[in-house]
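>
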Amino acid sequence: MLSRALSGVMFTLLLMSMVTLAFNIQPARKEAENWVVFDDKTPSPFSRCSKEYQPSTPSRPKYHLANVASNSPDLLAFYYPWYGTPDVSGYWFHWDDENHNPDNFLDGRREIAAKNYPLLDVYDSNNESLIEKHIEIAKMANIDGFVVSWWGIGSFEDNALIHIKDVSEENNFKFTIYYETTSGVGNTVNDISYLLNNYANSSSWYKIDGRPVIYIYGRALHQLYPKMWKIGGRDTHWKVFEDIRESPRDGIFVIHPEEADVGYVESYDIVLNPNETYSLKIGISDMRDDCPPYSDVGFRIKTKNETKEWETLDDLVVNFNDGWLDLSYNISSYAGQTVSVRVESYAGGAMEWCSEWAAVDYFYIVNSKGEIINEGAHFDSQWKKVVEMLTDSEYNPYFIVDFGGYEYKVEDFAEYFLNFTDGLHTYIPIALSMSDISEIYNNASNAAHSKNKLFIATVMPGYDDTEIRSPGYVVDRQNGSFYNLFWSTARSSSPDGYIITSFNEWHEGTEIEPSLEYGYQ
131 MLSRALSGVM FTLLLMSMVT LAFNIQPARK EAENWVVFDD KTPSPFSRCS
181 KEYQPSTPSR PKYHLANVAS NSPDLLAFYY PWYGTPDVSG YWFHWDDENH
231 NPDNFLDGRR EIAAKNYPLL DVYDSNNESL IEKHIEIAKM ANIDGFVVSW
281 WGIGSFEDNA LIHIKDVSEE NNFKFTIYYE TTSGVGNTVN DISYLLNNYA
331 NSSSWYKIDG RPVIYIYGRA LHQLYPKMWK IGGRDTHWKV FEDIRESPRD
381 GIFVIHPEEA DVGYVESYDI VLNPNETYSL KIGISDMRDD CPPYSDVGFR
431 IKTKNETKEW ETLDDLVVNF NDGWLDLSYN ISSYAGQTVS VRVESYAGGA
481 MEWCSEWAAV DYFYIVNSKG EIINEGAHFD SQWKKVVEML TDSEYNPYFI
531 VDFGGYEYKV EDFAEYFLNF TDGLHTYIPI ALSMSDISEI YNNASNAAHS
581 KNKLFIATVM PGYDDTEIRS PGYVVDRQNG SFYNLFWSTA RSSSPDGYII
631 TSFNEWHEGT EIEPSLEYGY Q
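In terms of the numbering used here, the sequence shown opens at residue 131 and continues consecutively.
#1: Just to confirm my understanding: we take Tyr528, look at its own chain, exclude 5 residues before and 5 after, and list those with CB closer than 6 Å. What are they?
#2: Apart from the five residues on each side of it in sequence, which residues of its chain come closer than 8 Å, Cβ to Cβ, to Trp283?
#3: Classify Tyr538 as helix, strand or coil using the three-state DSSP reduction.
#4: Taking the runs of the alpha helix (DSSP H) that are 4 residues or longer, which of them lie wholly in the segment 543-585?
#5: Take the Cβ of Leu236 as the centre, count every other Cβ of all protein chains shown within 10 Å, and call the residue buried at 16 or more, exposed below.
#6: If you draw a straight line from the C-alpha of Ala207 to the C-alpha of Glu569, how long is it?
#7: So, at 8 Å on beta carbons, what are the nonlocal neighbours of Asp296 in its own chain, with the 5 sequence-adjacent residues on each side left out?
#8: Do Val471 and Leu410 count as a contact pair if the criterion is CB distance below 8 Å?
#9: Met417: buried (16+ other C-beta within 10 angstroms of its C-beta) or exposed?
#10: Using DSSP bridges, identify the partner residues of Glu396.
#11: Within a Cβ cutoff of 8 Å, which residues of the same chain sit near Tyr464, ignoring the five residues on either side of it in sequence?
#12: With a cut-off of 8 Å on the beta carbons, I'd call Ala243 and Glu266 a contact; round off their distance for me.
#13: Starting from Ala488, trace the beta strand (DSSP E) in both directions and tell me its first and last residue.
#14: Start and end of the beta strand (DSSP E) containing Thr437?
#15: DSSP puts Leu205 in a beta bridge; with which residues?
#16: On the DSSP bridge assignment, give the partners of Ser409 in chain order.
#17: Could you work out which residue in Val469, Tyr546, Asn327 is closest to Ser523 when comparing CA atoms only?
#18: Using 8 Å as the limit for Cβ to Cβ distance, is Ile242 near chain C?
#19: What's the C-alpha gap between Glu638 and Gly602?
#20: Under 8 Å between the Cβ atoms of Ala561 and Val589?
#21: Would you identify the three-state DSSP class for Phe633, choosing helix, strand or coil?
#22: So, using beta-carbon positions, are Ile586 and Ile642 closer together than 8 Å?
#23: Cα separation between Phe612 and Thr596?
#24: So the alpha helix (DSSP H) Tyr613 belongs to, where does it begin and stop?
#25: Quick one: Cα of Asp115 to Cα of Lys263, how far?
#26: From the DSSP output, in three-state form, read off Asp510 for me.
#27: Tell me the DSSP secondary structure of Ser332 in three-state form.
#28: Just to confirm, are Ile400 and Val473 a CB contact at a threshold of 8 Å?
#29: In whole angstroms, what is the alpha-carbon distance linking Gly649 and Val218?
#30: Rounded to whole angstroms, what's the CA-CA distance from Asp204 to Gly627? Just pull it up for me.
#31: CB-CB under 6 Å to Arg430, same chain, minus the five flanking residues each way: which ones, in chain order?
#32: What's the gap between the Cα of Ile461 and the Cα of Gln467?
#33: DSSP beta-bridge partners for Trp280?
#34: Beta-carbon within less than 6 Å of Val149's beta-carbon, same chain only, minus the 5 sequence neighbours each way: which residues are those?
#35: Do you know how far the Cα of Glu501 is from the Cα of Phe616?
#36: Name the one or two DSSP bridge partners that Ala73 has.
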C-alpha cells in the first residue's frame with residue numbers, strides 16, 4: 131500500500147514537472163553554417179541551477195572538421211539497462227547491489243544501492259513504457275541518443291537492448307552500445323558481429339557517415355592483451371597523478387609487483403632452430419617516481435627449456451632516473467630447443483617496499499639475420515586484430531575508445547590507438563580539477579583532430595558512490611553549478627560532440643534522470 135501511494139505521488143509530481151517543461155521549451159539556436167554562437171548567458175543542456183530556473187532548449191555547438199565525419203556525433207548520454215524488479219523480470223537486479231534490500235522501506239523509500247532516489251520510483255529496464263518515458267525526458271534535455279551499457283550476448287542488458295531498440299524506433303531516437311567487457315579476440319569479434327547483425331541494422335542505431343558507432347570502455351580496451359604472453363601483476367594503462375616517464379616507442383606492459391609476489395611477463399614456447407645464434411632483446415624501465423631518491427624496482431630476466439627450471443640471466447635494480455634500458459643477452463646455447471623467456475619485477479632497492487612500476491617495452495628473440503622469431507614482440511593491442519578480422523568480414527564499425535587512465539598521456543594514447551580506431555572519449559573524469567580537465571580535453575581534441583579523428587567531450591553533474599563503496603567518493607553537484615562549469619569546460623575544447631555521464635547510473639550518483647533529491651536539476 132505504501133509503495134502504491136509513493137508511486138502515485140511521484141507520478142503526479144512527474145506529470146506536473148513535464149507540463150512545466152513542455153510550456154517552457156523555446157528554441158535558442160543561432161547557427162552560422164557549421165557552428166553556433168554562444169554567449170556567457172547561454173545555459174548548458176539540462177542545466178537546472180535552482181528551483182527558480184525554468185528549462186529551455188539551449189543550443190550546443192556543432193563542430194564539423196574537414197575530412198572527418200559530415201554527420202559528427204552531437205549529444206548522447208550513457209544509459210544503464212541493468213535494473214530489474216520482481217514484477218517485470220521476476221527478481222531484483224542492481225537495485226539490491228551491496229546487500230541492499232529494496233523490499234525494505236526507509237523513510238518511505240525503498241532501500242536501494244544508490245544515494246539518490248528516482249523520481250519515477252525503482253523500475254525495470256525491460257519495461258517498454260519506462261523506456262519510452264526515459265526517451266521523453268532525454269528529448270526534453272536535448273539528448274539525441276543513448277549509449278547503452280552492454281555486457282554480452284544473452285545478458286540481462288542484452289535482453290533490455292531489444293526493448294530499447296523497439297522503443298527507439300517508435301520514437302525516432304538514436305542508440306548504440308557501450309562495450310563493457312570482453313575475453314579474447316574471437317569472443318570480441320563474435321560480440322561485435324552479433325551486435326551489428328542484430329541491432330545495427332535498426333533505423334535508430336547511431337551512425338557516422340553510414341558506419342555503425344560503438345563506444346569501447348577502457349576495461350574492454352585493455353582486456354585484449356596479446357595471447358602469446360602470460361601476464362601477472364599486470365596494470366596495462368597509465369594512472370592519473372603519477373610522475374611517470376614518456377611513453378616508449380612500442381607497446382607496453384606495466385607489471386606492478388605486489389608486496390608478497392612478483393609481477394611478470396612470460397612467453398609461451400618459442401622454437402629455436404639448431405645451428406643458429408640467438409639474442410634476447412628487452413627494453414625495461416622503472417616507470418614511477420614514487421619514493422625519490424629511492425625510486426627503485428627489481429628486474430629478473432629468465433629463460434628455460436622444456437626440461438629445466440628457470441635460469442636467471444640477469445638480476446638488476448633499476449632507478450627511475452635510469453630511464454629506458456635496452457638490454458641484450460646471448461641465448462645461443464638454447465639453439466635447437468624450445469624455450470620460454472620471462473621478465474619479473476619485484477620490490478628492490480634501498481627501501482624495503484616502494485610501489486614502483488616495472489615496465490616492459492619490448493621483449494623478443496632475434497636470429498643471426500636480425501629476424502624476430504617470436505610473436506607479439508611489441509605487445510600490440512589485440513584490438514588491431516579485432517578490427518582486421520571485422521574488416522575482412524566486411525564489417526565497418528566506427529569505434530570511439532575510452533582513454534581513461536591515460537589522461538596525462540592522451541597524446542601517446544591517440545598516437546597508438548587512433549591508427550585503427552575512429553575517436554576518443556573518456557567515461558568518468560573525476561578526482562581532477564576543472565583546470566586539469568580543460569587541459570586534458572584540449573590535448574585530446576588536438577590529438578584526435580591531428581589525425582582527422584573525433585573527440586567526444588564528457589560532461590557530468592556530480593558523483594556519489596558511497597552507497598556501494600566504502601569509503602566511496604563524492605563530487606558535490608553544487609546545486610547545478612558544477613554541471614554548468616563542466617559544460618563550459620567541454621565547449622572550450624572544440625569537441626565533435628558531447629556525451630553525458632550519465633542518464634541513469636544511479637549507483638555512482640552521476641544520473642541526470644530526475645530524482646527526489648534534485649528534481650530536474
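Every residue, glycine too, gets a C-beta built ideally from N, C-alpha and C.
This structure is a prediction, so every number in the text was calculated from the model and none was measured.
In brief:
#1: Ile338, Arg341, Val343, Asp552
#2: According to the sequence provided, residue 283 is Ile. The question's Trp does not apply to it. So the qualifying residues of the chain are Asn320, Asp321, Tyr324.
#3: helix
#4: 564-580
#5: exposed
#6: 23 Å
#7: Glu258
#8: yes
#9: buried
#10: Lys360, Arg472
#11: Leu402, Tyr408, Thr433, Asn435
#12: Contact flag wrong, Cβ pair sits at about 26 Å.
#13: 488-497
#14: Where Thr437 is concerned, there is no enclosing beta strand (DSSP E), given that its DSSP letter is neither H nor E.
#15: Tyr628
#16: Asn460, Val496
#17: Asn327
#18: Looking at the structure shown, chain C is missing, and only one protein chain is on hand.
#19: 9 Å
#20: no
#21: coil
#22: no
#23: 19 Å
#24: 611-621
#25: Residue coverage of the chain in this structure runs from 131 to 651, which leaves residue 115 outside it and unanswerable.
#26: coil
#27: coil
#28: no
#29: 26 Å
#30: 4 Å
#31: Thr442, Asp445, Glu474
#32: 11 Å
#33: Tyr309
#34: At Val149, the pLDDT of 34 sits below 50, so the modelled position is not reliable; the number obtained from the coordinates is stated separately. Taken in chain order, the list of residues that qualify is empty.
#35: 51 Å
#36: Residue 73 lies beyond the stretch modelled for the chain, which goes from 131 to 651, so this question has no answer here.
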